[in-house]
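In the numbering used here, the protein residues as written are 943 to 1026.
#1: Enumerated in chain order, which unbroken segments of the beta strand (DSSP E) with a length of 3 residues or greater are wholly contained in the segment 985-1016?
#2: So, residue 1004 versus residue 964, is the Cβ gap smaller than 9 Å?
#3: Pull up the distance between the alpha-carbon of residue 962 and that of residue 1010, whole angstroms please.
#4: Taking the C-alpha atoms as reference points, what is the distance between residue 1015 and residue 953?
#5: Output the distance between the C-alpha atoms of residue 973 and residue 958, rounded to the nearest integer angstrom.
#6: Do residue 1000 and residue 1019 count as a contact pair if the criterion is CB distance below 9 Å?
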């Protein structure tokens, strides 16, 4: 099982450099250190930013005004999908 705080820290660090507000997933790509291949890992959970975007598209509500609201929705989406 993944550690929520560890993932929250990784997600925040990866997405905090985006030019907010962001209106779609593509607005986030330039902020990622390895683009869509950026990997987030915790416990037995490992997924790329592209995988996150695909899995969680129904849980995201763009636009996002700041990194915290984006990361909150990602975490809630991971919980809803049984990853956390």
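Where is the CB? At the ideal position from N, CA and C, for every residue including glycine.
Considering the structure as presented:
#1: The segment 985-1016 contains these whole beta strand (DSSP E) runs: 987-990.
#2: yes
#3: 11 Å
#4: Cα to Cα, residue 1015 sits roughly 11 Å from residue 953.
#5: 7 Å
#6: yes
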